[in-house]
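One structure is given below, encoded as structure tokens.
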Amino acid sequence: MSATNKYMQVVTHGVSGVQAWTEMAMGMTSAPEKPPHLSLIKKFYCGASNVYSEICVVHCIDGEDNLKATQALFDPKGDFLKGFYESPVMKGREATMNWNNMEVMVEYPAGKGWDDVEEGAVIGVYAHGVPNAAEWAKIFEKAVSEDEGAMHKNSGITKSFGGKMFESDWEVKEGFEGAMVVHVFKSLDDKAKFDKMFDPTAEFFGGMVAAGAAAEPFHSNGNGPIFTIDGV
8 MSATNKYMQV VTHGVSGVQA WTEMAMGMTS APEKPPHLSL IKKFYCGASN VYSEICVVHC
68 IDGEDNLKAT QALFDPKGDF LKGFYESPVM KGREATMNWN NMEVMVEYPA GKGWDDVEEG
128 AVIGVYAHGV PNAAEWAKIF EKAVSEDEGA MHKNSGITKS FGGKMFESDW EVKEGFEGAM
188 VVHVFKSLDD KAKFDKMFDP TAEFFGGMVA AGAAAEPFHS NGNGPIFTID GV
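Mapping of the sequence shown onto this note's numbering: residues 8 to 239, in sequence order.
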């Protein structure tokens, strides 16, 4: 695989307003004393997943040690996360938080890694069951890279990450492993077109389900246009 020891966490939760949450997030990054998660997470892709009431943040993490430290820091019973829920922006919204984690096994194109994703891009997150995530990753890497990235060009995608889902809130059918993909689109229109294809009853993915190569339930989310935050 073209990427190893990298992880992505897709976090969604309700907020009082996307603008209020954005101001809170940017305030943390500009504070003289940086919050501890900025030293663990290399890059953040941030944006609304609902017009005004829900945000989606993708944590980009290098190394298993940083992953474990991030998971410990964001323990729902820990003081760090409790502090967020004391803010007016997130107060009373504990039950809305969802975490979906991926071990990155494919990254195309390799480029500059996390920094290939620029502000203003649109993120699409997709997941479903597969018989074997490692074998699926080989097929996925071939699909996105063959013919000089024709799939990307035709779909308005600038970057893709794919891999095995683990310790996630999204359900995976018993007997299957979770495969997750994070596509980076040029625009909301490009994502909307792809979303219509990501349908277990539509031709492409319906054929995969019928062949046993993919299993429901299908899950999707995303955010954007995004702003990015660098770790420290």
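Note that beta-carbon positions come from the ideal geometry of N, C-alpha and C, so glycine has one too.
Nonlocal neighbours in the same chain, by C-beta distance under 8 Å from Asp-206, ignoring five residues either side: Closer than 8 Å at Cβ, skipping near neighbours: Phe-212, Gly-213, Phe-225.
Would you mind giving the Cβ-Cβ distance between Phe-192 and Gly-131, rounded to the nearest angstrom? I have them listed as a contact below 8 Å. 6 Å
When Glu-30, Trp-177, Thr-165 are compared against Ser-94, the one with the closest alpha-carbon: Glu-30
Please report how far the alpha carbon of Glu-223 lies from the alpha carbon of Lys-180, in whole angstroms. Computed Cα separation, rounded: 7 Å.
Reference Asn-107; option with closest CA among Ser-175, Val-151, Pro-42: Ser-175
Given Met-215, which residues of its chain have a CB within under 6 Å of its CB, disregarding the five upstream and five downstream residues? Ala-221
Cβ shell of Tyr-115 (< 6 Å), same chain only, five flanking positions each side left out: Val-151, Ser-152, Ser-167
With distances taken Cα to Cα, identify the nearest neighbour of Phe-234 among Met-104, Glu-125, Gly-99, Gln-16. Glu-125
CB of Ser-167 to nearest heavy atom of the ligand SAH: below 8 Å? With respect to the ligand SAH, the structure shown offers nothing to examine, as it has no ligands at all.
Tell whether a beta-carbon distance below 9 Å holds between Gly-231 and Ala-55. yes
So what's Asn-139 in DSSP terms, helix, strand or just coil? Here Asn-139 sits in coil by DSSP.
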